[in-house]
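Student:
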Amino acid sequence: MSNTITIDGQTVPFEEGQTIMDAALAAGVYIPHLCHNPEFTPHGSCKLCTVNVNGRNVASCTMPAVEGQQIANDTAELNAKRLALTQMLFVEGNHFCPFCEKSGNCNLQAVAYHLGMMSPRYNHFYPAREVDATHPDILLDRNRCILCELCVRASRDVDGKEVFGLSGRGIHCKLVVNSASGDLVDTDLAATDKAASVCPTGAIIVKRCGFSVPIGERIFDHKDIGKVQIEAAQREKSHG
Amino acid sequence: MGENKKIRVATCSLAGCFGCHMSLLDIDEKLLTLLELVEFDRSPLTDIKHCGPCDVGLIEGGVCNAENVHVLKEFRKNCKVLVAVGSCAITGGIPAMRNNIGLWECFQEVYQFEGGLEGGQIPNDPELPLPFDKVHPIYEVVNVDYFLPGCPPPAGAIWKFLTDLLAGREPKLEYEMLHYD
Amino acid sequence: MEYFCKKLWVEPGKVSEDGLISVDSTSCTGMCDQGPAALVNGMPLTNLDENCLDLICELIRSKKPVAEWPPMLFEVQDNILRKDALLGAVLEPGAALKATLARGARATLTEMDKANLRGRGGAGFKTASKWSFCHAAIAEEEGHVVCDIGNRAERIMVCNADEGEPGTFKDRVLLNSYADLVFEGMTVGARVVGARRGFLYLRGEYSYLRDKLEGVLQRRRELGLLGKSILGEEGFDFDIEIHLGAGAYICGEESALIESLEGKRGRPRNRPPFPVTHGYLGHPTVVDNVETFACAAKIALHGGEWFAAMGTAQSTGTKLLSISGDCTRRGIYEYPFGVTIRQILKDCGAEDPYAVQVSGPSGTTISWKEFDRKIAFEDLATAGAFMIFKRKRDLFQMARNFSHFFAHESCGFCTPCRVGTTLLQRTMDKIDGGHGTASDLEEMKNLGHLLKTMSHCGLGASAANPVLDTLNKFPGVYEQKLKALAFEPAFDLDGALSTARHITGRDDADAHLGGES
């Protein structure tokens, strides 16, 4: 029982219970992802992490690693599809990088850089989405939300608060907060909550911190997101 | 065909701030090298009013009114290769922030509320171009051949892009040259 | 809809000013054989013509409660036009159960296996395989320790009566007139699998059947066919609860159905694990279609060989088809698998058939060139929907209607489907508005491929089928709508100036954008 899988010809070991994504990250193999965060239960909604396992496309973040899996990851076809998905996310919301506080530290933007996105390709939706600035310390800008539910998971599983949730079906799906008024200020969300810092885009931002890091010193200014996330995973491994 | 004919380039800014044009000028002394290879047709640099047959068209800014469409279509008709330069041309950019506010509220804010026009009349002279309900990127109005993102794209990215294009190579930007802000 | 709304001074999607009524459209009510149809406060209105609408308008204006409206407005016929092995001989309630108890649970599972019954809800998964993943009862019977999957010994049996696929109404008829057969099948399955609890997940649009179904359940309890010690067998306890859906097509997908059953948003789960090992509240759960359970009951009584002798080798038994559209005899037809489209069209009186949508929007569009194909899992698989289109129908509008359907019904969980179905819908609308080009067609093919290969569930994977099929088999219906140019703007340029024209009061030449330059 050697417990290995093969990703793009490379032998990757895994432990029982790990997903393909877990094993890949631990082995330094980058699979693009947005709704996945190793600190939380896998979600499987963004579909960027889709890989081809023994001929079938599956989301690597939720698919358990099984001995003998032949996986294709870094192929032109998969990367082209990942690019299309990223472009879909860009036109679905209102993602204006030039004035966004998260620019340079944003996972959505960084994945787009990684995939070489030069234009959003599709026609913009320009949806009417609400900004909630009622909370004294936290801004909720739904224009930038990619429905990854990291805030939902963080608030529920780490903070024990259940501040966030998704509501609505299809393209009308949106982030809602757990208060009678629907306003963030009426929830018990605090700036120190995990949910306040886990957002991969600029949808949930702690106030009065924006633009404090100069251009050139932001996370993704000089480093590709693949490198950044692998390094973070390696650090976790050596500490854990 | 031994004659070294210069590449003809036209540029314009539609609903843009001209920041991308400033960035083009930021190539500094390389501008002299560029001018050995390139001739400018319609452009803020030349003040030629209408675009004739050109090889490359660089468009900054998105489409926000009828006049933008006329200019854009003229460029598309006359330029062999059309490039959308900068965030506004590619996503609508800052001007597109008005897309969910509504024209009526915009006009009221500018012309009718405190500090607006005397008499609060909304200008309706036939010479004024009418604005669209929403601001759009240029590729939603005409077919675009290339995109050069940035707000603005750094001078280095513009230089790399132009030199690739002029040399007949497929333009490619390095990781650090590609950004949307 | 237009006629109705005009008469009542109400706009679609809104409540009338006097607060009396609201009108809106919905995806499918399962009344395709007796349309035009509608639902009023959840009750189905059938065969609506102008006279009916006039009458209804009067009733509404006179504020007559729906319960007092003339019953003839609500008549829903079964329209069973061809019976075969399933619908033919009526099962004596309890007969299949007696046979199951006599034979034993393991032997009954063997019969199901021999029968090679495959799911009748569209997916076609082998039923015996599904049931064999939960085999607590067999273990109990043979004296072993009850098979424990992840410390959860309780098994659940769920009947999927969500029937949301437009064009499908066969489960409606089974529930209306063969409910005993269906419940018997569930109970047989419960015996094999060791389930104590069962659910009938009934789509909201069929809530008018609820009272009748509760009546059937109660009668079965009184006959000792449901509840504690069924047919006197000590330890054989099983009961069924009816759970109403709320009008979401996605809840027909088994894991989304389970989510809904648990009171959560209808969203397909990540699989693995599959419902058979981790389903309702984490318990091993079997989800099967109404018709599948009906077949199971008959197999339990007559044996697997009897069933396998019908149909084809890979598609045994018979299939209920719900036939609607351009034909004179709309309704339910039961055929052995392997029947040709041509035969079906002849039997139902199809009028100059041009195309058939087999298995609804998520199925296949076939052209007149393919009428020799067969209804079978190995050829044209179907959950039952069979919509006939005659030569004069606009197949582009059909595909466009379906693209709206999928965008509306997408649960919104995964990126490719949530955004992709909306992109498809918008492109179809763009072409419909006369602004389509060849590059739009190419883009739809790309979107279709993306949806097929990257979606989270079958809805996304099949959402592009109608567009891709019609593009492939009826390209002319698109080409005739295209503009000659290679590119058309994404939006109506002149229309986008209308607000500004209105505000400034201008209508001069420069206030318009039109024609090409």
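Chains as they are written, first to last, in the numbering used here: chain A, 4 to 243; chain B, 1416 to 1596; chain C, 171 to 687.
C-beta: ideal position from N, C-alpha, C; glycine also.
Since this is a predicted model, take the numbers as computed values, not measurements.
1. Starting from B:Ser1502, find everything on chain A with Cβ-Cβ shorter than 9 Å and list it in chain order.
2. Let me make sure I understand the geometry here. Which of C:Cys227, C:Leu218, C:Leu256 has the alpha-carbon closest to that of C:Phe244?
3. Report the CB separation of B:Ala1430 from B:Cys1503 in whole angstroms; it is logged as a contact under 8 Å.
4. To the nearest angstrom, report how far apart A:Ile228 and A:Pro41 are at their CA atoms.
5. Tell me which residues share the same chain as C:Phe369 and place their Cβ nearer than 8 Å to its Cβ, disregarding the 5 neighbours each side in the sequence.
6. Should C:Ile673 be flagged as near chain B, meaning a C-beta pair shorter than 7 Å?
7. Taking the alpha helix (DSSP H) that A:Phe93 falls in, what are its first and last residues?
8. What does DSSP give as the partner residues of C:Phe661 in its beta bridges?
9. Hey, is C:Arg676's beta-carbon within less than 7 Å of any beta-carbon in chain B?
10. With distance defined between alpha-carbon atoms, name the residue in C:Trp179, C:Leu190, C:Arg390, C:Leu279 nearest to C:Ala265.
11. Take A:Thr22 and list the residues in its own chain whose beta-carbon comes closer than 8 Å to its own, dropping the five residues that flank it on each side.
12. Could you tell me the boundaries of the beta strand (DSSP E) in which B:Phe1547 lies?
13. Just to confirm, is the Cβ distance from C:Thr535 to C:Pro636 under 7 Å?
14. Could you check if C:Asp599 belongs to the surroundings of the ligand GTP, using beta carbon to heavy atom distance under 6 Å?
15. Any C-beta of chain A within less than 8 Å: which residues of the segment 569-600 of chain C qualify?
16. Three or more beta-carbon pairs under 8 Å between the segment 214-227 of chain A and the segment 149-167 of chain A, yes or no?
17. Can you give me the start and stop residues for the alpha helix (DSSP H) that C:Glu281 sits inside?
18. Looking only at C-alpha atoms, which of C:Gly397, C:Asp407, C:Ser302 sits nearest to C:Val363?
19. Less than 7 Å separating the beta-carbons of B:Gly1472 and B:Cys1494?
20. So, is A:Gly107 buried or exposed, given that buried needs 16 or more other C-beta atoms within 10 angstroms?
21. Using a C-beta to C-beta distance shorter than 9 Å, which residues of chain A count as neighbours of B:Ile1505?
22. In chain order, what residues of the same chain have a beta carbon less than 7 Å from the beta carbon of C:Ile250, not counting five sequence neighbours either side?
23. Can you list, in chain order, the residues of the segment 618-644 of chain C whose Cβ is nearer than 8 Å to any Cβ on chain A?
24. Could you pull out every residue in the same chain whose Cβ sits closer than 8 Å to the Cβ of C:Ser537, ignoring the five residues on either side in sequence?
25. Taking only three categories from DSSP, how would you classify C:Asp409?
26. Please list, in chain order, all residues of the same chain as C:Arg439 whose beta carbon is under 6 Å from its beta carbon, the five residues on each side excluded.
27. Considering just the uninterrupted stretch of the beta strand (DSSP E) at C:Tyr503, what are its terminal residues?
28. With a cut-off of 8 Å on the beta carbons, I'd call A:Cys49 and C:Thr585 a contact; round off their distance for me.
29. Cβ closer than 9 Å: which chain B residues qualify as neighbours of C:Asp680?
30. When the Cα atoms are used, what is the spatial distance from C:Gly433 to C:Gly415?
31. Check this for me: beta carbons of C:His594 and C:Ser573, under 7 Å apart or not?
32. Helix, strand or coil for C:Tyr376, going by three-state DSSP, please let me know.
33. To the nearest angstrom, how far is the alpha carbon of C:Leu178 from that of A:Phe43?
34. Rounding to the nearest angstrom, what Cα-Cα distance links B:Tyr1595 and A:Glu95 in this structure?
35. Taking CB distances under 7 Å as the criterion, tell me whether B:Asp1548 reaches chain C.
36. If you scan the segment 461-487 of chain C from start to end, which runs of the alpha helix (DSSP H) of 4 or more residues do you find wholly inside it?
Tutor: Inspection of the coordinates gives the following:
1. Phe99, Cys100, Pro101
2. C:Leu218
3. With a Cβ gap of about 6 Å, B:Ala1430 and B:Cys1503 count as contacting.
4. 15 Å
5. Ile326, Met327, Val328, Cys329, Ile410, Glu411, Ile412, His413, Leu431, Tyr450
6. yes
7. 79-95
8. BP columns for C:Phe661 are empty, so no partner.
9. yes
10. C:Arg390
11. Pro45, Ser63, Cys64, Thr65, Met66, Pro67, Ala68
12. 1546-1551
13. Contact: yes.
14. Ligands are entirely absent from the displayed structure, and the ligand GTP is therefore not among its contents.
15. Within the segment 569-600 of chain C, contact with chain A at the beta-carbon level (separation under 8 Å) is assigned to Ala577, His578, Glu579, Ser580, Cys581, Gly582, Phe583, Cys584, Thr585, Pro586, Arg588, Val589, Gly590, Thr591, Thr592, Leu593, Arg596.
16. no
17. 275-285
18. C:Ser302
19. yes
20. buried
21. Met121, Ser122, Pro123
22. Closer than 7 Å at the Cβ level, and outside the excluded window around C:Ile250, lie Leu257, Val343, Gly501, Ile502.
23. Leu620, Thr623, Met624, Ser625, His626
24. Tyr524, Ala525, Lys643, Phe644
25. strand
26. Ser425
27. 501-506
28. About 6 Å separates the Cβ atoms of A:Cys49 and C:Thr585, confirming a contact at the 8 Å cut-off.
29. Ala1481, Glu1482, Pro1541, Glu1542, Leu1543, Pro1544, Leu1545
30. 10 Å
31. Checking the sequence, you will find Leu at residue 594 of chain C rather than His. Against a cut-off of 7 Å, the Cβ pair of C:Ser573 and C:Leu594 comes out as a contact.
32. Helix.
33. 53 Å
34. 17 Å
35. Judged by the 7 Å Cβ criterion, B:Asp1548 is in contact with chain C.
36. Runs of alpha helix (DSSP H) with 4 or more residues, each lying fully within the segment 461-487 of chain C, are found at 474-478, listed in chain order.
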